[in-house]
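Below: the structure, in structure tokens.
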Amino acid sequence: MRLLYLFLAGMVFGVALHLLYPLDRDKLHKPRSTIIYDKEGKIARIHLSSDGFVRMELNASDISDDIKQVLVYYEDRYFYYHFGINPLSIARALWFNLQNKRTLGASTLSMQLARMMNDNPRTLTSKLTEALRALQIEWHYSKEEIVTLYLNNAPFGGNVEGFYSASRLYFGLEPRNLSMAQIAYLLSIPKNPNANRPQNNPHRVEYLKKRVLKRLPQTPQIARALHESLYPSRQPLPDALPHLSAMIKSGGGVHTTIDLRLQKSLEEYLKSSTQELAHFNIHNGAAIVLNNKTMEIVAYVGSNDFKSPKGGQVDGIVAPISAGSTLKPFIYALALEEGIITPLKNLYDISISLWGYAPQNYSKRFTGVMSASEALQYSINTVAVELDKVLGERSLYHLLKKAHLRSIDKSKHHYGSSIVLGGSGITLLELAQLYAALANGGVYREATYLRHVHASKPIVLLTPSSSYLISQILSDVPRLHFGASWEYIEGLNRIAFKTGTSAHAKDLLTVGYTPNYTVAVWYGNFDRTLKVDTAQKPTGIRIASPMVIKIFKLLNDTSWFSQPSTIQKQKICQDVIALGECKSFIEDSIIEGVKLQTPCALLRPEVLAKMMESGTIGSMEELQRHSCYEEWSTYKPLIASPIPNAHYIHHKALPDELKKMKFECYSFDTNTTIYWLIDNRPPLQATSKTPLFEYLNEGRHTIRCLDQRSKMQTIEVLIEEM
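With the sequence shown counted from 1, adding 1 to any position gets you our numbering.
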């Protein structure tokens, strides 16, 4: 009975201690390092924990039987038989210490785990505290959980904590891939972490390994381990994905969609290519690769060198840039859906002015008549601006808003027509997602970099038919632009391809795509005050395109799009304007159910005047029979010559008769009489489309053309003699 009372009293005392000094379980679950894995489970990057440690968590399922065996035999062979304190070990230690006058430890695995909670001096008080905590640990956790907690909290020298961390940093291996000899050496380190870690005492590795292994039952496996040579060394922390990892805040393992092999190749490519572009005064670059089927990001390089003082930490994939000409394909796709164009329909590329905005082509020249496909392939600004204007409520602005792009945060009026040429701002990620929509039949989704996280809700921007036709048109771009530089495209599989160059070459872009992948590359300067050397004519095609082609060769994607059944071959009239009988028929690709149309606004005064000048339109009477004539009759007369704002130079030696200039004006009135008003001279009567020749002396001149409706066009020219 007395023993029972003692037992009950002990129980009451123990419970009281437990209630007065509860176990702080948070100390056994310290902040973890963030480990970023690629899509195959390879470690791409390791971040220190919030308290500055490499502390990687080992799951119980990843602890092999070999690890458990070595740990228990070396640290606490009676671990599975005691309740946190081993009375036999304590008695043995006391006897040994008294007889030999040196210390023999009696700490169990649970007591050592308790010591890891508070790194207190080794005193009798701390020993008693550890004993209490060991009992509490055994009360709260199973034996298997205690093994896991020990392996995750054990010190391995410096700022390395946990068996997983040591396995990665000292051998570069996952714990499941360690040999018995490697396990033995690693589990020797916590006895004296700073003395036993490999960088401090490499000559002790063999001794420490054998000391552990000799405590185990001697089997053939242990015999082999005893003879195995080890060469542990502190490995550098994996440091891929610096920009992407900056967006990941949680500790523990994060499984991404990144292909680490591709990622490292892109990092190397971008770094070396940017070094080669320094003579252009270009110092930064960024690249992203999407898997179009899953909308997973498979490579993400935010800058050419994260450690560079020239903006290396800036993330060029989410930083705002100008799209240049890269948004034009979406205007053409919308125009295809509205029946405004077909791939081979002819359009006019000539100078226009829209509310004071006069877009220029990169070449500073105007081409004249060209097909819609050619206008897109050669990135003609004037045609894209005109098409966007006539699209009205289906314009590029509305498409970008429908996609919920965060960069498009102002009104349509704010951007105006400049949005067509990249005046709105966009990110490389948004641009890649838009092109992935073309690859996905017009369906837009935001990309993801996390595994098992689905892309955003799909948004239908375009039809599969228009997306396919645009892809076909853009797939000829590499051939057109690199035909003379065969080494770039030799062996290249078919890809759709669009380039962009912003004003003053601040942004140099190329986006390429296939059914499976979208690749977007940008070069420029994060420091926007740095001026790119435009004298060397850097362009998206010249600077960014070789990188896109290099990446696609690495991807080796041979897939291509299947033609939708809604696309039919049909003979169409290729004439810019249909007046009477068609002059040019051609077989073209037509979207089923789309009614072809030519909006009157596309046939603006400059186009009509050009067609009159070329003889395509014989007379004003022909125009009067067209359904658009009512609108045309409201146009001002158009001065075809002299060229507005031109600078003419005459040689002084020439007689005035040879310096006479051609004056030509077209009126859209049925009455063809016009009047020329040159500076303050008396009016000169003439006829629409009939040229007049007049001499202008040196200086600036104001020239007006007035028709019978009192509508007047005004231009200025400068004459210089030398």
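Where a beta carbon is used, it is the ideal one built from N, C-alpha and C, also for glycine. Note that this is a predicted model, so its numbers are computed, not measured.
Nearest-angstrom Cα distance between Ile37 and Gln236?
-> 17 angstroms
C-alpha gap between Glu339 and Lys596, whole angstroms | 7 angstroms
Could you give the uninterrupted runs of the alpha helix (DSSP H) lying entirely in the region 151-183, keeping only those of 4 residues or more?
-> 164-172
Spatial distance of Val319 from Ser304 (CA atoms) | 11 angstroms
Of the residues Ile249, Glu375 and Gly286, which one's Cα is nearest the Cα of Leu451?
-> Ile249
Drop a sphere of 10 angstroms on the beta-carbon of Asp260, count the other beta-carbons inside from all chains shown, and report buried for 16 or more, exposed for fewer.
-> buried
Please list, in chain order, all residues of the same chain as Lys413 whose beta carbon is under 7 angstroms from its beta carbon, the five residues on each side excluded.
-> Tyr398
Name the two residues that bound the continuous alpha helix (DSSP H) containing Asn382.
-> Asn382 to Leu392
On the three-state DSSP scale, how would you describe Lys572?
-> strand
Grab the span of the beta strand (DSSP E) containing Thr275 for me, first residue to last.
-> Element bounds for Thr275: not the beta strand (DSSP E) but the alpha helix (DSSP H), Leu261 to Glu277.
Nearest-angstrom Cα distance between Gly286 and Asn160?
-> 35 angstroms
Nearest-angstrom Cα distance between Leu105 and Asp52?
-> Confidence at Leu105 is low in this model, with a pLDDT of 46, below 50, so its placement is unreliable and the value that follows should be read with caution. Cα to Cα, Leu105 sits roughly 33 angstroms from Asp52.
Starting from the Cα of Pro156, find the closest Cα among Phe54, Leu439 and Ala226 and give me that residue.
-> Phe54
Which word fits Lys611, buried or exposed, when buried means at least 16 other C-beta atoms lie within 10 angstroms of its C-beta?
-> buried
Cβ shell of Gln314 (< 7 angstroms), same chain only, five flanking positions each side left out = Phe307
How should Tyr455 be labelled, buried or exposed, when 16 other C-beta atoms within 10 angstroms of its C-beta is the threshold for buried?
-> Sequence inspection shows His at residue 455; the Tyr mentioned does not correspond to that position. Exposed.
Only counting runs of 3 or more residues, tell me where the beta strand (DSSP E) segments fall wholly within the region 570-620, in order along the chain.
-> 586-592
Going by the beta-carbon positions, is the gap between Leu736 and Thr519 smaller than 7 angstroms?
-> There is no way to answer for residue 736, as the model of the chain reaches only from 2 to 723.
In this structure, does DSSP put Asn197 in helix, strand or coil?
-> helix
How big is the Cα-Cα spacing for Arg212 and Gln183?
-> 13 angstroms
Going along the chain, which residues of its own chain have a beta-carbon closer than 8 angstroms to the beta-carbon of Gly357, five neighbours each way excluded?
-> Unreliable positioning characterises Gly357 in this predicted model, as indicated by a pLDDT of 44, which lies under 50. The coordinate reading is nonetheless provided below. Same-chain partners within the cutoff: there are none.
What is the residue span of the beta strand (DSSP E) that Val520 lies within?
-> Tyr518 to Gly525
Write down the C-beta distance between Ile679 and Tyr524 rounded to the nearest angstrom, noting that I regard them as a contact closer than 8 angstroms.
-> So it is not a contact: roughly 49 angstroms between Cβ atoms.
Helix, strand or coil: which one does DSSP assign to Trp633?
-> helix
Specify whether the region 265-273 and the region 198-214 touch according to this definition: at least 3 beta carbon pairs, one from each stretch, less than 8 angstroms apart.
-> no
According to DSSP, residues forming a beta bridge with Ser476 | Bridge partners of Ser476: none, in fact.
Ser62 classed as buried or exposed, judged by whether at least 16 other C-beta atoms fall within 10 angstroms = exposed
Which of helix, strand or coil does DSSP assign to Gly501?
-> strand
Rounded to whole angstroms, what's the CA-CA distance from Met713 to Tyr636? Just pull it up for me.
-> 10 angstroms
Cα separation between Cys1 and Thr567?
-> Because the chain is modelled from 2 through 723, residue 1 falls outside the range shown and cannot be assessed.
Burial state of Tyr165, where buried means 16 or more other Cβ atoms lie within 10 Å = buried
Rounded C-alpha distance that separates Ala373 from Gln473 | 13 angstroms
Below 8 angstroms, can you find three or more Cβ-Cβ pairs linking the region 546-566 to the region 494-513?
-> yes
Which partner residues of Gly513 appear in the DSSP bridge assignment?
-> Phe498 and Val520
Could you check the C-alpha separation between Pro218 and Val71 for me, to the nearest Å?
-> 10 angstroms
Compare the Cα-Cα distances from Ser230 to each of Val206, Leu271, Arg177 and Val255 and report the closest residue.
-> Val206
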